[in-house]
Amino acid sequence: MRLSACLLLILFHLPALAQTVEPRVASAHPAATVAGLETLAAGGNAFDAAVAVSAALAVAEPYGSGLGGGGFFLLRLAGTNDSFRFIDARERAPAAAHAALYQRDGRVVAQLSLDGALAAAIPGLPAALVHLAERYGQLPLQDSLAPAIRLARNGVVIDPLYIERATFRLAALQADAESARLFLDQGQLPREHSVLRQAELAETLERLAAEGHAGFYQGTTAQRLLQAVQAAGGIWQAEDLRDYRVVERPPLRFALGEGRELISAPPPSAGGVALAQSLSMLQQRNWQASQGAARIHLVVESLRRAYRDRALLGDPDFVDNPLAQLLASDYLQRLANDIQPGRATPSAELPAAPAWREGDHTTHFSLIDAQGNAVAATLSINLPFGAAFTAPGTGVLLNNEMDDFAADPGGRNAYGLAGSQANAVAAGKRPLSSMSPTFIDSPAQLAVFGTPGGSRIPSMVLLAILDYLEGKPVSQWPATPRYHHQFLPDHIEHEANAFSSTERDALQRLGHQLKPLPRSYGNQQVLLWDKASGRTEGASDPRGRGLAQ
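Quick note on my numbering: the sequence shown kicks off at 32 and runs consecutively.
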């Protein structure tokens with residue numbers, strides 16, 4: 032059956048009489064969108080659909096997320112007074128981790144935190160799927176995981192995006208026999224339109240479906256993971272897996288005026304803070320009155336200052352994050368007043384603050400059900416194909432999220448980015464992230480945002496939010512040309528079509544250094560719900576192959 036016919040069949044069977052909201056799913060892969068719609072059609076709510084979409088993405092996009100990774104889930108619970116939740120399913124450092132884990136003779140060996148078993152933190156996504164189903168869902172976990180299990184057995188078609196990401200990590204995939212067997216073709220890149228089947232992953236999903244948390248973190252799956260990791264030089268222990276739990280944290284909430292509220296990811300994400308700070312500075316500088324290069328300048332200078340503060344943040348279970356100070360109105364007013372309309376502020380003139388490095392290949396989905404329950408979720412295994420290490424007999428490709436820690440808090444990495452003591456490696460700690468699933472809520476509307484993209488995530492979400500605040504069509508939000516500044520390095524990265532020649536010249540006269548990127552980036556998935564009519568709209572990033580339906 033053709034995909035369009037499948038979607039029509041699913042939508043036809045959605046219960047119609049009780050609907051007040053048009054259900055909608057926007058994800059980075061059509062098969063994941065269909066899995067979410069199928070789950071809604073079977074009587075599931077948004078949280079059941081989030082389980083289905085997450086698991087399907089784990090199968091269809093092994094380069095972006097998976098059971099061997101983690102993520103953040105931002106929830107809206109319809110009909111409750113305290114209607115927003117944030118689920119932190121970020122990976123945790125093993126108990127044997129320490130600040131010098133990736134140093135040899137006092138120097139950081141970058142490859143140790145990138146490839147292989149030592150680069151992997153304890154996965155959080157399986158625990159999040161169980162938590163969502165047991166605490167918020169309406170269907171048994173087995174039902175919500177059924178589409179992903181079927182997809183793993185039947186296979187997904189290899190597309191150009193898969194080949195591009197596999198090309199980037201080809202040597203690392205070839206170095207691990209199990210990853211090469213599963214994700215390559217006789218050690219080389221698979222052909223486009225060939226089929227990726229993952230029988231071992233299907234069995235792992237079945238154990239998770241049948242046994243819940245213990246089906247992944249104990250028993251057969253855990254034993255196979257531990258055996259593989261330890262044999263390859265990793266430091267996982269049985270207690271690391273057994274004791275992993277997601278954490279529910281209060282979402283970051285920030286008033287935007289005119290009845291709107293930003294609801295986003297708190298630490299260990301730095302994204303919500305950056306969005307709140309940037310939006311506050313832009314409002315105080317009346318950004319909508321500026322156009323062209325003058326507006327771009329205001330956005331860049333706001334991002335410069337917001338990204339500088341990132342180094343103060345870390346895992347809230349280990350670090351006392353100064354959120355009250357960073358979001359205080361007098362502090363944000365000082366930051367806004369410091370922006371000079373006729374001159375770029377060199378980052379070297381601002382008080383020095385450490386920066387970071389993050390992998391930029393992740394995934395995101397946004398969805399809403401007929402009752403107004405909504406989910407924005409950003410999931411990751413860090414670099415494409417994570418650590419490029421798969422535990423035999425599990426189909427689980429492990430993350431390399433340990434690279435998101437500051438391996439050398441007192442020094443700088445190859446990108447010229449300084450470390451951060453707040454984000455130093457420590458046992459049981461969650462690395463800082465930029466993942467920023469975000470809502471903007473008001474009495475009239477709910478807008479949902481999120482994208483992959485590593486350190487560029489907050490700037491991408493910010494640009495989409497600015498389009499929303501200007502009343503631009505939903506289809507424009509993820510399509511808008513992108514540019515980015517993160518304090519250090521001190522330049523504006525931008526897509527080739529982001530600026531006109533006039534804007535480029537004007538920005539350079541202001542003192543900005545421009546760095547055009549060879550390819551586009553990000554894969555944003557957005558939704559808009561009009562609360563009065565119940566009508567919803569969604570859009571998938573035209574840079575990807577996602578589907579909003």
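Beta carbons: idealized from backbone N, C-alpha and C, even for Gly.
To the nearest angstrom, report how far apart Pro512 and Ala89 are at their CA atoms.
28 Å
Here's the rule I'm using: 16 or more other beta-carbon atoms within 10 Å means buried, otherwise exposed. How should Pro154 be labelled?
With 16 or more other Cβ atoms within 10 Å, it is buried.
In its own chain, which residues sit with a C-beta less than 8 Å from the C-beta of Ile194, not counting the 5 before and 5 after it?
Leu220, Pro221, Glu223
If I measure Cβ to Cβ from Gln229 and keep anything under 6 Å in the same chain, skipping five residues before and after, which residues do I get?
Result list for Gln229: Ala183, Gly426, in chain order.
Counted within 10 angstroms of its Cβ, other Cβ atoms place Pro282 as buried (16 or more) or exposed:
buried
Uninterrupted alpha helix (DSSP H) stretches inside the segment 486-562 (no shorter than 4 residues)
Correct list: 488-500, 532-540.
Distance CB(Ala159)-CB(Gly102) smaller than 9 Å
Their beta carbons are under 9 Å apart, which means Ala159 touches Gly102 by this criterion.
Write down every uninterrupted run of the beta strand (DSSP E) in the segment 317-381 whose length is 3 residues or greater and which is fully enclosed by it, in chain order.
none
Would you list the residues sitting across from Arg55 in a DSSP beta bridge?
Ile399
Could you compute how far the alpha carbon of Pro372 sits from the alpha carbon of Ser532?
20 Å
Identify whether Thr421 lies in helix, strand or coil by the three-state DSSP scheme.
strand
Note down the Cα distance separating Glu568 from Val406, rounded to an integer number of angstroms.
15 Å
What does the alpha-carbon distance come out to for the pair Leu71 and Asp119?
24 Å
Cβ separation of Val330 and Leu313, assumed to be a contact under 8 Å, to the nearest whole Å
In this structure Val330 touches Leu313 by the C-beta definition: roughly 7 Å separates them, less than 8 Å.
Jot down the residue ranges of each uninterrupted alpha helix (DSSP H) in the segment 208-245, minimum 4 residues, whole runs only, in chain order.
Complete alpha helix (DSSP H) runs here, min 4: 208-214, 230-242.
Secondary structure of Glu122, DSSP reduced to three states
In the structure shown, Glu122 sits in coil (DSSP, three-state: anything other than H, G, I, E or B).
Can you give the beta carbon distance from Ile399 to Leu558, rounded, assuming they're within the 8 Å contact cut?
Indeed they touch by this definition, with Cβ atoms about 6 Å apart.
Between Met32 and the rest of its own chain, which residues show a CB-CB distance below 6 Å, the 5 nearest in sequence each way excluded?
The predicted position of Met32 is uncertain, since its pLDDT is 41 and thus under 50; a value taken from the coordinates is nonetheless stated next. Closer than 6 Å at the Cβ level, and outside the excluded window around Met32, lies no residue.
Using CA atoms only, rank isn't needed, just tell me which of Ser210, Ser175, Ala527 is closest to Asp417.
In the sequence as displayed, the identity of residue 417 is Gly instead of Asp. When only C-alpha atoms are compared, the closest one is Ser210.
Only counting the same chain, and skipping five residues up and downstream in sequence, which positions put a Cβ closer than 6 Å to that of Pro298?
Leu344, Pro347, Asn352
Using the beta-carbon count (16 or more within 10 Å), is Asp174 buried or exposed?
buried
N-terminal and C-terminal residue of the alpha helix (DSSP H) that Leu410 is part of:
No alpha helix (DSSP H) contains Leu410, which is instead part of the beta strand (DSSP E) from 405-411.
Which class does Ala101 belong to by DSSP, given the choice of helix, strand or coil?
Looking at the sequence itself, residue 101 is Gly, so the reference to Ala does not match. Strand at Gly101.
For a test of the three-state rule: what should DSSP assign to Leu34, helix, strand or coil?
Confidence at Leu34 is low in this model, with a pLDDT of 48, below 50, so its placement is unreliable and the value that follows should be read with caution. Helix at Leu34.
By the three-class DSSP mapping on this structure, what secondary structure does Glu568 have?
strand
Please confirm if the segment 98-117 is in contact with the segment 293-311, defined as three or more CB-CB distances below 8 Å between the two stretches.
Contact between the segment 98-117 and the segment 293-311 is present: 3 or more CB-CB pairs across the two stretches fall below 8 Å.
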